[in-house]
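Read through the structure below, which is laid out as structure tokens, and then see the notes.
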Amino acid sequence: MRIAAIRLINYRNYAEAQVAFEAPVTVLVGANGSGKTNLLDAIYYLSFTRSASAVADAGVVRQGESCFFIKGEFDVAGRRAEVLCRYEDNRKRISLDGKDYTRMADHVGKFPLVLVAPQDIEVIWDAGEIRRRTIDQIFCQLDRAYLDDLGTYTQLLRQRNGLLRAAQETGQPDPDLLDAYTERMVPPARRIHQRRSELIARMSPLVASHYQELAGASESVAVVHESALYQDDIAALWKAGQDKDIRAGRTLAGPHRDEYLFSLQGQEIRRYGSQGQQKSLLVALKLAEFQFLHEMKGVKPLLVLDDIFDKLDDQRIRRLMQLTASGTFGQIFLSDARPERAQTILREGGLQADFIQTERGTLRRI
Numbered sequence: 014m015r016i017a018a019i020r021l022i023n024y025r026n027y028a029e030a031q032v033a034f035e036a037p038v039t040v041l042v043g044a045n046g047s048g049k050t051n052l053l054d055a056i057y058y059l060s061f062t063r064s065a066s067a068v069a070d071a072g073v074v075r076q077g078e079s080c081f082f083i084k085g086e087f088d089v090a091g092r093r094a095e096v097l098c099r100y101e102d103n104r105k106r107i108s109l110d111g112k113d114y115t116r117m118a119d120h121v122g123k124f125p126l127v128l129v130a131p132q133d134i135e136v137i138w139d140a141g142e143i144r145r146r147t148i149d150q151i152f153c154q155l156d157r158a159y160l161d162d163l164g165t166y167t168q169l170l171r172q173r174n175g176l177l178r179a180a181q182e183t184g185q186p187d188p189d190l191l192d193a194y195t196e197r198m199v200p201p202a203r204r205i206h207q208r209r210s211e212l213i214a215r216m217s218p219l220v221a222s223h224y225q226e227l228a229g230a231s232e233s234v235a236v237v238h239e240s241a242l243y244q245d246d247i248a249a250l251w252k253a254g255q256d257k258d259i260r261a262g263r264t265l266a267g268p269h270r271d272e273y274l275f276s277l278q279g280q281e282i283r284r285y286g287s288q289g290q291q292k293s294l295l296v297a298l299k300l301a302e303f304q305f306l307h308e309m310k311g312v313k314p315l316l317v318l319d320d321i322f323d324k325l326d327d328q329r330i331r332r333l334m335q336l337t338a339s340g341t342f343g344q345i346f347l348s349d350a351r352p353e354r355a356q357t358i359l360r361e362g363g364l365q366a367d368f369i370q371t372e373r374g375t376l377r378r379i
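Set out below in structure tokens:
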């Protein structure tokens, strides 16, 4: 699978622009703020029906305008497919080959993509909620049933927590209603736990392998899934912890409290790893995501590496380019503010690349 061309109208800083992607690797070069990340964000939008920056659709409309338009032409196993993303009159419409989607979620996963962006380092540094969201996003391109379970669980959790908060004022929740919420939460909670457990078991050795390839060292890396459900069944946990939940006014155990720990040589990398080690682990996690999606879906996702040259030192970048030149990966997009650096490293890696200059919302092949 590859994206052959893209056209933008009123998307971020682009009034109107279009470009064809011909080489296996496309490098966007230009000064900071010239539109490199915005073009990559438009490619992301074609896959996920939203911006990678998680802003509302109105927030990516070009200043002074009221609508935007993105068209992407894809080649999938020799077949041409056209994706249109339109936003006007405060309404979003996504279509594939001229047919509008009723649910945007039905499009996600048809054109898989893996993004490494500057803000992704938060996966290593910040709270468990971000790591849970990162793992859940892998499923959004892969497993509709998982997302349905997650949506059901989240809705029931919100209702159960509302009942628990109200009980702090009344003294005791309605026992029948509390039991009803709890009973309905059990099946999706069990399935969520099972799928997460299976995913980490598959991905952890992939992360370790890619980390060693990037770091050029035999450091031991692992991804650990921590969940109370490994110790006891969720129904038993909620029954035993009901009084504590009432006092706290919220549900204290369940998949919403899961944690994912990244370890290096047996120690938590966010506490003891260097910046280079942390960034290498982040990229290794994304490469493992790519490999997992490729194995499960049978197509190579687009690989988008935004400002990757500033994430890693030269040796790690060279090893990454050697990996991408091996044929394991498909179409790759890179961005860099220094074209001469990218040209040198890609030439050394034997990679064929197109260079596109971004400047004040315009695109020019160089």
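When we follow the numbering used here, the leftmost residue of the sequence shown carries the number 14, and every step to the right adds one.
Cβ coordinates follow ideal geometry from the N, Cα and C atoms, glycine included.
Alpha-carbon spacing of residue i relative to residue j, whole angstroms
| i | j | result |
| --- | --- | --- |
| Leu274 | Ile143 | 12 angstroms |
| Lys84 | Val296 | 29 angstroms |
| Pro201 | Leu212 | 16 angstroms |
| Ile259 | Ser222 | 45 angstroms |
| Gly286 | Glu232 | 11 angstroms |
| Ala228 | Arg209 | 27 angstroms |
| Leu21 | Leu376 | 11 angstroms |
| Leu176 | Leu191 | 7 angstroms |
| Arg351 | Val40 | 11 angstroms |
| Gln132 | Thr357 | 26 angstroms |
| Lys105 | Glu361 | 44 angstroms |
| Leu265 | Ala241 | 10 angstroms |
| Gln365 | Met198 | 51 angstroms |
| Leu300 | Ile321 | 13 angstroms |
| Tyr108 | Asp326 | Inspection of the sequence shows that residue 108 is occupied by Ser rather than by Tyr. Spanning the two alpha carbons is a distance of roughly 41 angstroms. |
| Gln181 | Arg204 | 31 angstroms |
| Glu239 | Asp271 | 6 angstroms |
| Phe34 | Ala18 | 6 angstroms |
| Ala158 | Gly254 | 28 angstroms |
| Arg63 | Glu302 | 20 angstroms |
| Thr147 | Asp187 | 36 angstroms |
| Gly91 | Ile16 | 12 angstroms |
| Gln168 | Val220 | 32 angstroms |
Backbone secondary structure at residue i - three-state DSSP
| i | result |
| --- | --- |
| Thr165 | helix |
| Gly72 | helix |
| Leu52 | helix |
| Leu155 | coil |
| Tyr57 | helix |
| Phe303 | helix |
| His388 | Shown here, the chain extends from 14 to 379; a query on residue 388 therefore has no answer. |
| Gln10 | Residue 10 lies beyond the stretch modelled for the chain, which goes from 14 to 379, so this question has no answer here. |
| Asp113 | strand |
| Ala28 | strand |
| Ile379 | coil |
| Gly85 | strand |
| Val127 | strand |
Burial state of residue i (16 or more Cβ within 10 Å)
| i | result |
| --- | --- |
| Arg173 | buried |
| Ser348 | buried |
| Leu306 | buried |
| Thr341 | exposed |
| Trp138 | exposed |
| Asn103 | exposed |
| Val129 | buried |
| Thr195 | buried |
| Asp162 | buried |
| Leu24 | For the record, residue 24 in the displayed sequence is Tyr; it is not Leu. Buried, because 16 or more other Cβ atoms sit within 10 Å of the Cβ of Tyr24. |
| Gly72 | exposed |
| Gln344 | buried |
| Arg75 | buried |
| Arg93 | exposed |
| Gly311 | exposed |
| Gly122 | buried |
| Arg217 | Correcting the residue type first, residue 217 is Ser in the shown sequence and not Arg. Classification of Ser217: buried, given that the 10 Å Cβ count is 16 or more. |
| Ile379 | exposed |
| Pro183 | This sequence places Thr at residue 183; Pro is not what is there. By the 10 Å Cβ count, Thr183 comes out exposed. |
| Thr337 | buried |
| Gly77 | exposed |
| Asn26 | buried |
| Val42 | buried |
Identity of the residue in the options nearest residue i by Cα
| i | options | result |
| --- | --- | --- |
| Ala235 | Ala55, Arg25 and Gln291 | Gln291 |
| Ile330 | Ile379, His120, Tyr224 and Arg373 | Tyr224 |
| Phe124 | Arg351, Asp323, Gln288 and Met14 | Met14 |
| Leu298 | Ala253, Arg197, Glu135 and Pro188 | Glu135 |
| Pro268 | Asn26, Gln207 and Leu59 | Gln207 |
| Ser79 | Ala67, Ser66, Arg99 and Ser64 | Arg99 |
| Ala230 | Ala253, Glu281, Leu294 and Ala214 | Leu294 |
| Thr371 | Phe34, Ala36 and Gly48 | Gly48 |
| Ala28 | Ala44, Ala36, Gly43 and Asn51 | Asn51 |
| Asp54 | Gln185, Val317, Arg373 and Lys112 | Val317 |
| Glu226 | Ala179, Gln150, Ser339 and Gly141 | Ser339 |
| Val89 | Leu315, Leu333 and Ile369 | Leu315 |
| Arg283 | Ala36, Asp110, Gly141 and Met117 | Gly141 |
Chain D within 7 angstroms of residue i, Cβ atoms only
| i | result |
| --- | --- |
| Ile379 | Absent from the structure: chain D. Only one protein chain is present. |
Minimum length 3: unbroken beta strand (DSSP E) runs contained in the segment 310-373 = 315-318, 345-349 and 366-372
Minimum length 3: unbroken beta strand (DSSP E) runs contained in the segment 252-297 | 272-277
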